[in-house]
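Encoded as structure tokens, the structure appears first; notes follow it.
In the working numbering, the protein residues as written are 1268 to 1707.
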């Protein structure tokens, strides 16, 4: 009875809220958001009436090559070919600024440290409009989109809870993009919530790609089970993780988007994210908490698991300190003489040597053979070089007496002569002009 009263009060609360406050989980399908067929066991059960699901299945849009089959859920091994298509073929009428992005994937050993686009839409000029980047080296997730002012809004999620995304196991990653808020979920657990500026819609004239390496644009080697985009930002919170648990959740009917949506308030996502009990009388009110049960019996030891994969090589350690100098070793024994080797091939011809000095004059040759009269006289040879200067000749005989020479010019006056003798007073003098006696 108490359960019926609580359920009646809940329905009365919903009907008494003004229409301006209430909102549908998903508005009626329009041209931009076609109906999306998904299994109802993916969502938390809160109401008997199915939700109307609209959105896009990128797994189907990109026609992924089917790989291994894990029970009833197929997985797709990517990395063999580029996955890029015109945006108009994925979102013919564009994409709203509010939506949920949900995917299940796991990285592989060769790519768990790569930096790659999980999803990206870019315009005709190559400018990114929205992108989800997985950075295995830093173990972070990056989200970027275009604001209403055509500016790029970037948000990096660095929570340590994201490190498990790179352990090569299956994980569900969900992103809720509302007008002024973005929420990140991993394995149905809220990781982080950020306030954002208002986002702009996309231009469908560009390209859309998935699982592409940022460094060189090549496809990245990962495994994917599903990539969905719901046209409702609350669907990311309403998703459960039945696909990741063992045993799987009970399969139920599939929503095809034809049933009318229930009218709920903005608090519905918070209510839907709480666990709900089930009963046979279709009353979904949680029951009263019972007493703690007795401890269970210890279970049997489990079977030995399969051998795990070989771990990655560790990082190179620091260089060690030099070791101590060792003691000199003992003298080795004299080796045995080796056998004589074979003669080697001739070496290559060496380069031309420099020009040598002029040699000495050779010895005179032997006399030539007598000329044969029958031989014809040869031509005159070229003129020889000028010989060296000969030695001085023998002195010649005296020549003949030459002719008498011409009369010479008068000589210079001679020196003055000595004084003459004294004259005789008696008249016996010498006549004038006569030479003195001693001159005769």
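Idealized CB from N, CA, C, for every residue including glycine.
These numbers were taken from a predicted model, which means no experiment stands behind them.
Reference residue 1370, options 1428, 1348, 1507 and 1430, closest by Cα: 1507
Buried or exposed (CB count within 10 angstroms, at least 16 for buried), residue 1661: exposed
At least 3 beta-carbon pairs within less than 8 angstroms: the region 1482-1499 vs the region 1377-1397: yes
Rounded distance between the beta-carbons of residue 1427 and residue 1379, thought under 8 angstroms: So it is not a contact: roughly 16 angstroms between Cβ atoms.
Per-residue DSSP class, three states only, for residue 1674: coil
Proximity winner among 1446, 1462, 1478 and 1482, relative to residue 1468 (alpha-carbon distances): 1446
Three-state secondary structure assigned by DSSP to residue 1428: helix
Residue 1326, enclosing beta strand (DSSP E) - first and last residue: Careful: residue 1326 lies outside any beta strand (DSSP E), inside the alpha helix (DSSP H) at 1325-1328.
Presumed contact (8 angstroms Cβ cut-off) between residue 1461 and residue 1422, rounded CB distance: 6 angstroms
Three-state secondary structure assigned by DSSP to residue 1309: helix
Sequence-distant residues of its chain with Cβ nearer than 8 angstroms to residue 1653 (five each side left out): none
C-alpha distance - residue 1629 paired with residue 1613, whole-angstrom precision: 36 angstroms
Three-way DSSP call (helix, strand, coil) for residue 1504 in this model: helix
Cβ-based neighbour list, residue 1449, same chain, cut-off 6 angstroms, excluding 5 preceding and 5 following: 1461 and 1463
According to DSSP, residues forming a beta bridge with residue 1266: Here the chain covers residues 1268 to 1707 and nothing more, so residue 1266 does not appear.
C-alpha distance - residue 1440 paired with residue 1583, whole-angstrom precision: 33 angstroms
Between the CA atoms of residue 1372 and residue 1341 - distance to the nearest angstrom: 12 angstroms
DSSP state of residue 1358 mapped onto helix, strand, coil: coil
C-beta atoms of residue 1438 and residue 1432 nearer than 7 angstroms: yes
Backbone CA spacing between residue 1392 and residue 1470 [nearest angstrom]: 11 angstroms
Cβ separation of residue 1458 and residue 1368, assumed to be a contact under 8 angstroms, to the nearest whole Å: Contact doesn't hold; Cβ gap of about 14 angstroms is too wide.
Option nearest residue 1455 by Cα separation, candidates 1505, 1465 and 1420: 1505
Short Cβ contact (7 angstroms threshold) for residue 1354 with residue 1479: no
Cutoff 6 angstroms; reference residue 1362; Cβ partners in own chain excluding five residues on either side: 1469
Which listed residue (1308, 1429 and 1303) has its alpha carbon closest to that of residue 1512: 1308
Cβ-Cβ distance between residue 1357 and residue 1328 below 7 angstroms: yes
Euclidean distance between Cα positions of residue 1487 and residue 1599: 58 angstroms
Coil, strand or helix - residue 1457 by DSSP: strand
Whole-Å CB distance - residue 1420 paired with residue 1406, under 8 angstroms assumed: 22 angstroms between Cβ atoms; not a contact.
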